[in-house]
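Undergrad: Handing you this structure, nothing more for now.
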Amino acid sequence: IPVFASPWVLNREAALASAEFPAEIRSSRNAEARELYSQGRALWQDRSVDGLHRATLLLEQAVAADPSFELAHSALADAYAFDGALWKRAESKAGEAIALDPNLGEPHATIGFVRTFWDWKPAEAEVHFKKAIALSPDYATAHQWFALNLAMREQFGAAFAEMQRALDLEPNSAAINTDMCSLLYFARKFDAAIDQCKRALEIDPNFRTAYENLYEIYTAKAMYPEAIDAYFAASRLNLTAPVD
């Protein structure tokens, strides 16, 4: 599973109730499908090994309960995209979501993710991220993943702009705060990076990848006691580690 080829970190998205998926615009009339989708999306956001497995099962059930529920297809594509055994299914599942709703941006972001972190074709992925943002400009995760894609290609100014847009949309996302920490670290803005990772841990004290980032940053600053603490904090969480 790619962790942005370490030390990059791809983390959980913002809460389901956020503006990412406007319920008044896209939903299912099937109450069972809606509930399965809600539970599955929340578990996927947790990104633990067990959480991802259970999320995949729930989202597969949601799609079976309502095959026309485009958001369930899109969420299942994300679950597949973060699974080392199933990621090759992600793009076709995203394509099913697009076929159901050509104006849905989220599955285009998933395709961009797959092209970037699995196929290792970041330049090719750009068109998919731009499509996602054009269709769903308030979808924070598209900006977040596009930012990492841009940073891979050393377009750091654009990367910071995209990540800041993601933060503006979802300021309480541990994932996005941690990925901003990653960008700051690679820009050697270590103090700002530490603050950003600490912000992520205020949001979610069990966010393992924030501790991993802090370990790298403290090591770079020769703050070895702090680095050791961050290392062991990450290790304690490793049994249910995020698989992204």
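Residue 266 is where the sequence shown ends in the numbering used here, and the numbering goes up by one at each step. Where is the CB? At the ideal position from N, CA and C, for every residue including glycine. The structure displayed is predicted, hence computed values, not measured ones.
1. So, S18 versus A116, is the Cβ gap smaller than 9 Å?
2. Counting only the same chain and skipping the five closest in sequence on each side, list residues whose C-beta sits under 8 Å from that of R175.
3. Is the number of C-beta pairs between the segment 174–193 and the segment 52–59 that are closer than 8 Å three or more?
4. Leaving out five residues before and five after E82 in sequence, what residues of the same chain have Cβ atoms less than 7 Å from its Cβ?
5. Quick check: what's the CA-CA separation for Y253 versus F104?
6. Does E54 pass the burial test, meaning 16 or more other C-beta atoms within 10 Å, or should it be called exposed?
7. Out of D201, L80, A196, A154, which one is the CA nearest neighbour of A173?
8. Relative to the C-alpha of H165, which residue among W140, L157, F151 is closest?
9. Just tell me which of S114, G73, W140 has its CA closest to the CA of G106.
10. Please report how far the alpha carbon of D3 lies from the alpha carbon of F208, in whole angstroms.
11. Among the candidates A147, L93, V149, A121, whose CA atom is the shortest distance from the CA of E22?
12. Helix, strand or coil for M202, going by three-state DSSP, please let me know.
13. Out of N171, L126, A156, Y161, which one is the CA nearest neighbour of W21?
14. Round the Cβ separation of R221 and L259 to the nearest angstrom and send it over; I've been treating them as touching at under 8 Å.
15. Applying the criterion that 16 or more other CB atoms from any shown protein chain within 10 Å of the CB defines a buried residue, is N235 buried or exposed?
16. In chain order, what residues of the same chain lie with their CB nearer than 8 Å to the CB of I225, ignoring the 5 residues before and after it?
TA: Inspection of the coordinates gives the following:
1. A query on residue 18 cannot be resolved here, the shown segment of the chain reaching from 23 to 266 and no further.
2. In chain order, P144, A145 place their CB closer than 8 Å to the CB of R175, counting only its own chain and leaving out the 5 sequence neighbours on each side.
3. Per the Cβ contact rule, the segment 174–193 is not in contact with the segment 52–59 (fewer than 3 Cβ pairs under 8 Å).
4. So the qualifying residues of the chain are L98.
5. Their backbone Cα atoms lie some 23 Å apart in a straight line.
6. Result: exposed.
7. Closest option to A173, Cα to Cα, is D201.
8. In terms of CA proximity to H165, F151 leads the group W140, L157, F151.
9. Per the Cα distances, W140.
10. There is simply no residue 3 to check, as the chain begins at 23 and stops at 266 in what is shown.
11. Outside the shown range of the chain, which is 23 to 266, sits residue 22, and nothing can be said about it.
12. In the structure shown, the three-state DSSP call for M202 is helix.
13. In this structure the chain extends from 23 to 266, so residue 21 is not present and cannot be described.
14. Beta-carbon to beta-carbon, R221 and L259 are separated by about 18 Å, too far to satisfy the 8 Å threshold.
15. Sixteen is the threshold: when 16 or more other Cβ atoms of the shown chains lie within 10 Å of the Cβ of N235, as they do, the residue is buried.
16. N194, S195, A196, N199, listed in sequence order.
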